[in-house]
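Sequential numbering of the sequence shown, starting at 410, is according to this note's numbering. Every residue gets a Cβ at the ideal spot worked out from N, C-alpha and C, and that includes glycine. Computed from a predicted model, the values in this text were never measured in an experiment. See structure below.
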Amino acid sequence: VNLQIGEAVYFAGRPGIAIPYLDEAIKLDPKSGQAFRRRGWSQLRLENISAAIADFTEFLALSPDDPDALFAIAFARDSTTHNCAAAASDYERILEHHPGHYLTRKALAGEYACIDGHGMRQLQELNKILAAGRDAIADTNYFGRRGRNDRDFYAAVLEERAGIYYDTRQWKEAAADFTWLIDHYPFIFAAHINRSYTRMETGDVAGALADADAALALQPAAAAAQLARLTALNVLKRNDDMLSFANTALATGQKSPLPPKIHFFRGLAWKRRGHRGQVLDDLPPAVAATPACRW
């Protein structure tokens, strides 16, 4: 019971509260590898690295060659050195004997991105995970899988891949991944924003506007959503809507790091409507704020 409570509290994002329950579980059953494992991850999330490694070492002693224990020790150790090449070597050694340990493979993908400075080897590793199928990797434990309304492991990997497709301008592939994420997890704000710009790149401006509006519904004061909506309205030349939305964003005190860009889009709308005075009110502050801008 103490172990179950400790795990539930851990996955609810309260590692400090989880530890006393796990302490009691270990006191009652010193051979509970799972209790050492979860206490180790709790310590790691609290940045108690040496305590985490000690627990993971106990976990490995109780379950020799267990890939979860091997990964946990490697992850904890490498989190202190920040040596991408060394971490990748650790994960590669684990995968030689445990190729189906998907958490290790996801971590290896991240280290490849760190080493290479781009996402090609990272993409290859993520594709290996996704190729196994959602059901096959459903039991992969990672923070976020249990205890809150969050994406499962398959979705987390897919979201990472979508980001690579987006950054490398593979718009069709990116749109497919973002669409899957939105269909299954409509609350993911970034998926709506990124699909908005992806649709913009492929000429689906109405779809881009719909995604921007969906993002605004999730976070009405988000600067990224404001800008995505103004970008789509500008391409559609919906000047009245641009003016109305820009006025609202500037007048209601919404916190945004993008007021110069909002002024810029409002200036464009005024220009199309032939209001020179209002254009001269909006464009100079926009340019002054970011003199090197290429808007």
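query                                                                                                                                         : result
Mapping DSSP to helix, strand and coil, what is GLY612?                                                                                       : coil
As a quick exercise: from ILE671, LYS440, ASP464, ASP438, pick the residue whose alpha carbon is nearest that of ARG448.                      : ASP464
CA-CA distance, PRO508 and ALA460?                                                                                                            : 28 Å
Helix, strand or coil for ASP561? Go by DSSP, reduced to three states.                                                                        : coil
Does the structure place the region 572-579 close enough to the region 536-550 that three or more beta carbon pairs sit under 8 Å?            : no
Looking at ALA617 and SER605, is the spacing between their C-beta atoms short of 8 Å?                                                         : yes
Assuming contact is defined by CB atoms lying nearer than 8 Å, are ASP650 and LEU659 in contact in what I supplied?                           : no
Check whether the Cβ atoms of ARG486 and ILE524 sit closer than 8 Å, and answer yes or no.                                                    : no
Please list the terminal residues of the continuous alpha helix (DSSP H) segment that includes PRO429.                                        : 424-437
With C-beta atoms as the reference, is LEU539 less than 8 Å away from LEU567?                                                                 : yes
What distance in whole Å lies between the Cβ atoms of ALA483 and TYR500, which are believed to be in contact at a cut-off of 8 Å?             : 6 Å
For a test of the three-state rule: what should DSSP assign to LEU627, helix, strand or coil?                                                 : helix
Where does ARG554 sit, in a helix, a strand or coil, going by DSSP?                                                                           : Summary for ARG554: the model assigns pLDDT 47, below 50, so the residue's position carries little reliability; its value from the coordinates is reported in the next sentence. ARG554 falls in the coil class under three-state DSSP.
Out of LYS515, ILE602, TRP450, ALA444, point me to the one whose CA is closest to PRO424's CA.                                                : TRP450
Secondary structure at LEU636, three-state DSSP: helix, strand or coil?                                                                       : helix
For GLY526 and GLY686, I'd like the C-alpha separation in whole angstroms.                                                                    : 47 Å
Where does ASN648 sit, in a helix, a strand or coil, going by DSSP?                                                                           : helix
Taking the runs of the alpha helix (DSSP H) that are 4 residues or longer, which of them lie wholly in the region 512-555?                    : 529-540
Where does GLY683 fall in DSSP's three states?                                                                                                : coil
When burial is assigned at 16 or more other CB atoms within 10 Å of the CB, is ARG681 buried or exposed?                                      : exposed
Starting from LYS581, trace the alpha helix (DSSP H) in both directions and tell me its first and last residue.                               : 580-593
Run through DSSP, which three-state label would HIS491 get?                                                                                   : coil
Mind checking MET529: buried by the 16 CB within 10 Å criterion, or exposed?                                                                  : exposed
Alpha carbon to alpha carbon, how far is LEU453 from LEU677?                                                                                  : 51 Å
Report buried or exposed for VAL410, applying the criterion of at least 16 other Cβ atoms within 10 angstroms of its Cβ.                      : exposed
By Cβ distance below 7 Å, which residues in the same chain neighbour ALA494 in space, the five residues on each side in sequence not counted? : ILE524
Going by CA-CA distance only, name the one from HIS506, ASP586, THR490, ARG560 that's closest to ASN536.                                      : ASP586
For the alpha helix (DSSP H) that ALA417 lies in, which residues bound it at each end?                                                        : 411-420
Where does ILE597 sit, in a helix, a strand or coil, going by DSSP?                                                                           : coil
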